[in-house]
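> Structure below; questions to follow.
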Amino acid sequence: MSAGLLRVENLGKAYRCYGSEWQRVFSWFGLPVKPQEEHWVLRHVSFAVQPGEAIGIVGQNGAGKSTLLKLITGTQRPTAGSVHITGRVSAILELGMGFNAEFTGRQNAQFSAGLMGFNHADIDRVISEIEAFADIGEYFDQPVRTYSSGMQMRVAFATATAFRPEILIVDEALAVGDAAFQRKCFQRIESFLIDGTSLLYVSHDIEGIKKLCSRAVFLKHGRLESIGAAKEVCDSYEKHLFGGGGAHDQQKVHHSPAPKAHGFFDPGLVAECELSYGDGRAAIERVWLENADGLVVNVLSSLEPFSVNYCVRFSGPAVSPIFATMIKTREGIAIYGTDTTRVESYPIEIHPGMVLQVRFVLKSVLAPGTYYLNCGVREDRHDGPVFLHRKVDTLIFRVTAAGRETVGAGLVDMKAVAQIWPVAEEVQIASKACA
Amino acid sequence: MGFSRLIQHLMGTTLFGAWRYKQFIVSSIRNEFLARFARSKVGGLWMVIHPLSQVLIFALILSEVISARLPDIENKHAYALYLMAGMLAWMSFSEIVTRCLTLFIDNGNLMKKMAFPRICLPLIASGAVLVNNTLLFAAILVVFVALGHVPSIMALWLPLLIMLVMSLGLGVGLILGVINVFIRDIGQVVPVILQALFWLTPIVYTVRTLPETYRDWFVLNPLYPLVTSFQNVLVFGQPPEWGGLMGLVLAVAVTLPLALFIFRKASAEMVDSL
Chain A
1 MSAGLLRVEN LGKAYRCYGS EWQRVFSWFG LPVKPQEEHW VLRHVSFAVQ
51 PGEAIGIVGQ NGAGKSTLLK LITGTQRPTA GSVHITGRVS AILELGMGFN
101 AEFTGRQNAQ FSAGLMGFNH ADIDRVISEI EAFADIGEYF DQPVRTYSSG
151 MQMRVAFATA TAFRPEILIV DEALAVGDAA FQRKCFQRIE SFLIDGTSLL
201 YVSHDIEGIK KLCSRAVFLK HGRLESIGAA KEVCDSYEKH LFGGGGAHDQ
251 QKVHHSPAPK AHGFFDPGLV AECELSYGDG RAAIERVWLE NADGLVVNVL
301 SSLEPFSVNY CVRFSGPAVS PIFATMIKTR EGIAIYGTDT TRVESYPIEI
351 HPGMVLQVRF VLKSVLAPGT YYLNCGVRED RHDGPVFLHR KVDTLIFRVT
401 AAGRETVGAG LVDMKAVAQI WPVAEEVQIA SKACA
Chain B
436 MGFSRLIQHL MGTTLFGAWR YKQFIVSSIR NEFLARFARS KVGGLWMVIH
486 PLSQVLIFAL ILSEVISARL PDIENKHAYA LYLMAGMLAW MSFSEIVTRC
536 LTLFIDNGNL MKKMAFPRIC LPLIASGAVL VNNTLLFAAI LVVFVALGHV
586 PSIMALWLPL LIMLVMSLGL GVGLILGVIN VFIRDIGQVV PVILQALFWL
636 TPIVYTVRTL PETYRDWFVL NPLYPLVTSF QNVLVFGQPP EWGGLMGLVL
686 AVAVTLPLAL FIFRKASAEM VDSL
């Protein structure tokens, strides 16, 4: 692997507790003082990032994501290992840049840019651009204490990205912005990526990470659990997050071909990366698609309605289980997900040993392409969903062009109807208004 | 590695970071100065009004007691002049110590979010204190002239003396400020010690007013030769107290590198504790 922009080697961070804080002071002078306790929040983490690469970092709270970013940014020093960086790092850590509440947005932007090491000439050159990007109007010259958190974030992001850094670090920051501003931020990030900036992105928005990042790092209890293609890592993180340690954990379920194979069924189209997990109280036994004629298919003609079907065998007690399904792209972007809390269905009492068939009848609006299917059974408890069984990417299906599609680009066919007519200048508008 | 090379190494890498940020440091000092005017009407003038009003209070209360014993000066406001000279020295020292004491705690949020050479913080603080004291000095000069006293040529030693008192304050303050991050009691104890030190230094009184037996103890107070030198050059037209100052120069030569050493060692752990 080439050197890359950023190389993290065997990185570790420990918080040390001393019997007395004076012992810490003595330790600076080289006195052999043993810390009473060492608490490692990050250990043995190694990876490299290439120019233009976007890396998502996922993990539960306390997994060490923020610590990792702080070590890379340089606000904290590693206890073990090293960080090698080529170029400049710009970071938005924990929702801000440490703005001074008494200073105006403009002064804070200038101050932060100064802290990043830029001189007056550089800062003067970009300050109006920062103002325009933050787009908070008069507030830019008001003290930051009058700002909402979203406004602070706008100024922080505009400042942090005023100069293209070699490495951009974004920790959760975009979560407080409104959707329009988020889009603007992503556009800027995407243009940076094209120019060769590397991005390290922490977010709890898994779909966002899959969309933006090519690779992902999954941290668990301060260790590197997995690193690889964003979709795979995010899936295994989700599995860790929602799956219990039950009977289906890690179990690779082989895809059972549907009984009524038909011309529309392509046996070569098999999901190879199915993930299956749950707490063992139910098992999804079969998943298949049916077309309008009731035939089992995995190649559909576009614009043809179809249904998602699966059978669930219950082996334990369950209280009002919810059945769900989701259609995703190859990149893992969710196109449509639904469950039985959202659509009309019949309440059924569950007995162990019972087998249910679930069917979702769908209208097809999918553009031609290849899609993945998830399905699951879960209980929604007050502390979050519990999966009895979930199958991620259990089935692949293809939508083929039927020749009547209107879609030129994108994932769905919105069935546009075009209307064009000549306009006789001025007269036309006036007559329209009268009508 | 020889001791001097060690020092060179320590100061070199730490101060190199600061050099790249020189423009930032200068503009931060200016901003801090301007910010004072932003929210209060007289703004930065408070920095001058506070010590001068203190001088006025002491002068009103104590002048009758002490002025009779001030030698070598023919001015009926002699005591006020004496007070102001001592106060200038004291303010330079105590202000920089007090600022450094809470410097890292006050800037904790910033240190957690941005990576920059940490040495900028004490340098900005020192610069701001220097600006304040220059203002105070200017104000004192105006008052001196108003009271009919023009300092002699000896006042030209003043920049050197201010450098010395600030270096001492910076060294002591930086050590205390770093330790205060880990042991917050320091922040509570230091103001008490400073208060005691103020009264143990001949600022509002003269050594001559004290019984003979106590006078020898003042040798132990590092501020004694400094304050006396301020009074000498500003009020009495005498040269600085060179003998006592030599010891002080030595103290600075030890304190400042020690402070930098501790600062460098601690900066790896400081953010962890903020």
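First to last, the protein sequences are chains A and B. Going left to right, the first sequence walks through residues 1 to 435 as the working numbering numbers them. Going left to right, the second sequence walks through residues 436 to 709 as the working numbering numbers them. Ideal Cβ placement from N, Cα and C applies to all residues, glycine included. These figures come from a predicted structure and were not determined experimentally.
1) Less than 9 Å between the beta carbons of B:Pro674 and B:Val668, yes or no?
2) Can you check DSSP and say which residues form a bridge with A:Lys391?
3) Under 7 Å between beta-carbons, which chain B residues line up against A:Tyr15? List them in chain order, please.
4) Looking at C-beta atoms only, is the number of pairs between the region 558–575 of chain B and the region 633–653 of chain B that lie closer than 8 Å three or more?
5) Could you confirm whether any beta carbon from chain C is found closer than 9 Å to the beta carbon of A:Asn309?
6) For a cutoff of 9 Å on Cβ pairs, would you count B:Cys535 as touching chain A?
7) Do we get a CB-CB distance below 9 Å when we pair A:Gly117 with the residues of chain B?
8) Which value, in whole angstroms, describes the spacing of the CA atoms of A:Ile57 and A:Lys65?
9) Could you tell me the boundaries of the alpha helix (DSSP H) in which B:Phe528 lies?
10) May I ask you to check if the CB of B:Pro552 is nearer than 8 Å to at least one heavy atom of the ligand FMN?
11) In chain order, what residues of the same chain have a beta carbon less than 6 Å from the beta carbon of B:Ile462, not counting five sequence neighbours either side?
12) Report the rounded CA-to-CA distance for A:Val319 versus A:Leu241, giving the unit in angstroms.
13) What is the rounded straight-line gap between the Cα of A:His389 and the Cα of A:Ile206?
14) What does the alpha-carbon distance come out to for the pair B:Phe698 and A:Ser149?
15) Could one say the Cβ of A:Ser112 lies closer than 9 Å to chain B's Cβ atoms, at least one of them?
16) Mind pulling the chain B residues with CB within less than 8 Å of A:Arg24?
17) For A:Trp40, which three-state DSSP category applies?
18) Looking only at its chain, what residues have a beta carbon closer than 7 Å to the beta carbon of A:Ile327, apart from the 5 residues adjacent to it on each side?
19) Grouping DSSP H, G and I as helix and E and B as strand, with all else coil, what is A:Gly114?
20) Does any residue of chain B bring its CB to less than 9 Å from the CB of A:His120?
21) Would the region 34–54 of chain A and the region 623–634 of chain B be scored as touching if the rule is three or more Cβ pairs under 8 Å?
22) Going along chain A, which residues have a C-beta under 7 Å from B:Leu545?
23) Relative to the C-alpha of A:Val287, which candidate in A:Asp124, A:Arg342, A:Gly369, A:Leu395 has its C-alpha closest?
24) Could you check whether the Cβ of A:Arg77 sits closer than 9 Å to any Cβ belonging to chain B?
25) Can you say whether A:Ala3 is buried or exposed, counting buried as having 16 or more other CB atoms within 10 angstroms of its CB?
26) Is it buried or exposed for B:Ile610, if we count other Cβ within 10 angstroms and need 16 for buried?
27) Would A:Trp421 pass as an interface residue toward chain B - the criterion being a Cβ-Cβ separation below 9 Å?
28) So, for B:Ser527: in the same chain, excluding its five sequence neighbours on each side, which residues have a beta-carbon less than 8 Å away from its beta-carbon?
29) Over what stretch of residues does the beta strand (DSSP E) that includes A:Trp288 continue unbroken?
30) Use the C-beta contact count for B:Ser561: other C-beta atoms within 10 angstroms, 16 or more gives buried, fewer gives exposed.
31) Return the first residue and the last residue of the alpha helix (DSSP H) that A:Glu21 is part of.
32) For B:Ala453 and A:Leu199, what's the separation of their Cα atoms in angstroms?
33) So what's A:Val423 in DSSP terms, helix, strand or just coil?
34) Looking only at its chain, what residues have a beta carbon closer than 8 Å to the beta carbon of A:Lys220, apart from the 5 residues adjacent to it on each side?
35) Could you tell me which residues DSSP pairs with A:Val361 in its beta bridges?
36) Spell out whether any CB of chain A is found under 9 Å from the CB atom of B:Tyr659.
This is what the structure holds:
1) If you check the CB distance, B:Pro674 and B:Val668 come in under 9 Å.
2) Note: A:Lys391 sits in a beta bridge opposite A:Ser276, A:Cys375.
3) Correct list: Asp707.
4) Touching, no.
5) Absence of chain C from the displayed structure is noted, the protein chains being A and B.
6) With 9 Å as the cut-off, B:Cys535 does not count as an interface residue toward chain A.
7) Taking CB atoms only, A:Gly117 has a neighbour in chain B less than 9 Å away.
8) Approximately 7 Å between the Cα atoms of the pair.
9) In the DSSP assignment, B:Phe528 falls within the alpha helix (DSSP H) that extends over 513–541.
10) As presented, the structure is devoid of all ligands, the ligand FMN included, so that no description of it is given.
11) Looking at the sequence provided, one finds Ser at residue 462 of chain B rather than Ile. For B:Ser462, there are no CB contacts under 6 Å within the same chain when 5 residues up- and downstream are skipped.
12) Taking the CA atoms as reference points, A:Val319 sits about 21 Å from A:Leu241.
13) Spanning the alpha carbons of A:His389 and A:Ile206 requires a straight line of approximately 20 Å.
14) Cα to Cα, the separation comes out at about 34 Å.
15) Yes, because at least one Cβ of chain B sits closer than 9 Å to the Cβ of A:Ser112.
16) The contact set of A:Arg24 on chain B, defined by CB atoms closer than 8 Å, consists of Phe617, Glu704 in chain order.
17) Correct three-state label for A:Trp40: strand.
18) Result list for A:Ile327: Ile335, Tyr336, Tyr371, Leu373, in chain order.
19) The answer is helix: DSSP assigns A:Gly114 an H, G or I state.
20) So yes, A:His120 belongs to the interface.
21) Touching, no, given that fewer than three Cβ pairs across the two stretches are closer than 8 Å.
22) Per Cβ cutoff of 7 Å: Gly98.
23) Closest by alpha carbon: A:Leu395.
24) A:Arg77 counts as touching chain B.
25) Unreliable positioning characterises A:Ala3 in this predicted model, as indicated by a pLDDT of 49, which lies under 50. The coordinate reading is nonetheless provided below. Counting Cβ neighbours within 10 Å, A:Ala3 comes out exposed, since fewer than 16 surround it.
26) By the 10 Å Cβ count, B:Ile610 comes out buried.
27) No, because no Cβ of chain B sits closer than 9 Å to the Cβ of A:Trp421.
28) If the five residues before and after B:Ser527 are omitted, its C-beta is found closer than 8 Å to the C-beta atoms of Val564, Asn568, Ile597, Val600, Met601, Gly604, all from its own chain and listed in chain order.
29) 282–291 is the span of the beta strand (DSSP E), which, as asked, contains A:Trp288.
30) Under this definition B:Ser561 is a buried residue.
31) Going by DSSP, A:Glu21 is part of the alpha helix (DSSP H) stretching over 21–28.
32) Rounded to the nearest angstrom, the two C-alpha atoms are 28 Å apart.
33) Three-state DSSP puts A:Val423 in coil, outside helix and strand.
34) Once the five neighbours on either side are set aside, the close Cβ partners of A:Lys220 are Gly59, Gln60, Ala63, His240.
35) Beta-bridge pairing links A:Val361 to A:Ser307.
36) So, not an interface residue.
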